[in-house]
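Numbering (the working numbering), first residue to last: 1 to 151. Report on the following structure.
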């Protein structure tokens with residue numbers, strides 16, 4: 001969670017997502033895991049909203065002192081705001097074991113594989129593609145590049 005302390009200190013850039021071994025190795029499962037952690041950090045960094053819904057004063061008064069708030073709809077809704085995650089399985093043990101006992105890192109690796117298999121990169125608009133090609137051609141000429149790998 002060193003990223004959280006950096007965020008709270010006001011840094012403008014946090015890097016290293018997916019990197020292992022001082023950045024020598026890139027791990028796509030780790031990249032997905034780090035992205036999940038960054039999302040959690042961003043939630044904390046965004047602050048806790050204070051309003052009529054989050055304060056739930058009427059509900060607190062209705063329940064009264066010494067009674068339980070954890071099973072109320074508003075508490076459960078607020079709880080999930082912070083704890084919802086795609087890759088940390090929070091089921092009871094029996095349900096978790098029944099679905100194969102997936103771990104956090106394995107779930108992240110599976111997501112990385114899914115993204116690689118399914119993601120479709122939208123094509124650049126024609127004018128943008130032409131501008132990029134123009135820049136590459138100019139740099140190739142300036143650098144004396146005469147052969148190019150087919151694209």
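We treat Cβ as the ideally placed atom computed from N, Cα and C, and that holds for glycine. It should be emphasised that the depicted structure is a prediction, and the values quoted were computed from it without experimental measurement.
Query: If you drop the 5 nearest sequence neighbours on each side, which residues of the same chain put their C-beta closer than 8 Å to that of residue 63?; Result: 69, 72
Query: Between the Cα of residue 79 and the Cα atoms of 54, 58, 61, which residue gives the shortest distance?; Result: 54
Query: Along the alpha helix (DSSP H) that carries residue 164, what are the first and last residues, could you check?; Result: Nothing can be reported for residue 164: it is not among the residues displayed for the chain, which extend from 1 to 151.
Query: Should the segment 82-94 be regarded as contacting the segment 7-23, the criterion being three or more beta carbon pairs within less than 8 Å?; Result: no
Query: So what does residue 20 bridge to, in DSSP terms?; Result: 25
Query: Quick check: the Cα distance between residue 11 and residue 143, rounded to an integer number of angstroms?; Result: 37 Å
Query: Please determine, among 102, 41, 28, the residue with the shortest C-alpha to C-alpha distance to residue 5.; Result: 41
Query: Quick check: what's the CA-CA separation for residue 58 versus residue 76?; Result: 16 Å
Query: Could you tell me the boundaries of the alpha helix (DSSP H) in which residue 90 lies?; Result: Taken as a continuous stretch (DSSP letters only), residue 90 belongs to no alpha helix (DSSP H), as it is neither H nor E.
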